[in-house]
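Under the working numbering, read the sequence shown as residues 5 to 120, first letter to last.
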Amino acid sequence: MLAMWGFATLNASPSELTIRAMLRGTMRFRSSNVVRIDPFIGIPLVYWGIRVRHLKKDYPRDIRFTSLTHPRKLLQGLLDSGFTPSGIQKDQCLACGHFLAAEVVTCPKCGWSYDT
Ligand SMILES: [Zn+2]
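Pasting the structure below:
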């Protein structure tokens, strides 16, 4: 699966998810690096896409890929490519390792947040 938008390219295969962004360079994820991929909708058609929740500490925590394609369709295409997130299913604070309850975005222990 290959999707392109603006300056970024998203490429998914069963073993790897790759996002190439002109300003950030190439980010590669194995399925074990990725906890979850969620669709997000900021402004329909303008700012929507998918959000990659991952465990790689050297990458930006909140990685979003925006696209003209509806996020659900984009996500489906990604899953159809065979890429399956297999990182720890619970969300884990990337700063201190504390496990976060589902949908909690701020770590109660150290204050780190996915939303910063
Ligand atoms: Zn924490």
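Beta carbons: idealized from backbone N, C-alpha and C, even for Gly.
Taking C-alpha atoms, which residue in the options lies nearest to residue i?
i   : options            : result
S36 : D66, T73, T30, H58 : H58
In or out: residue i buried (at least 16 other Cβ within 10 Å) or exposed?
i    : result
M31  : buried
A159 : Look at the range of the chain in this structure, 5 to 120, and you will see that residue 159 is not part of it.
I54  : buried
I45  : exposed
L72  : exposed
Is any heavy atom of ligand 1 found at a distance shorter than 7 Å from the C-beta of residue i?
i    : result
A105 : no
K60  : no
H102 : yes
For residue i, which three-state DSSP category applies?
i    : result
L104 : strand
S117 : strand
D84  : helix
Are the CB atoms of residue i and residue j nearer to each other than 8 Å?
i   : j   : result
A16 : S85 : yes
K61 : L98 : yes
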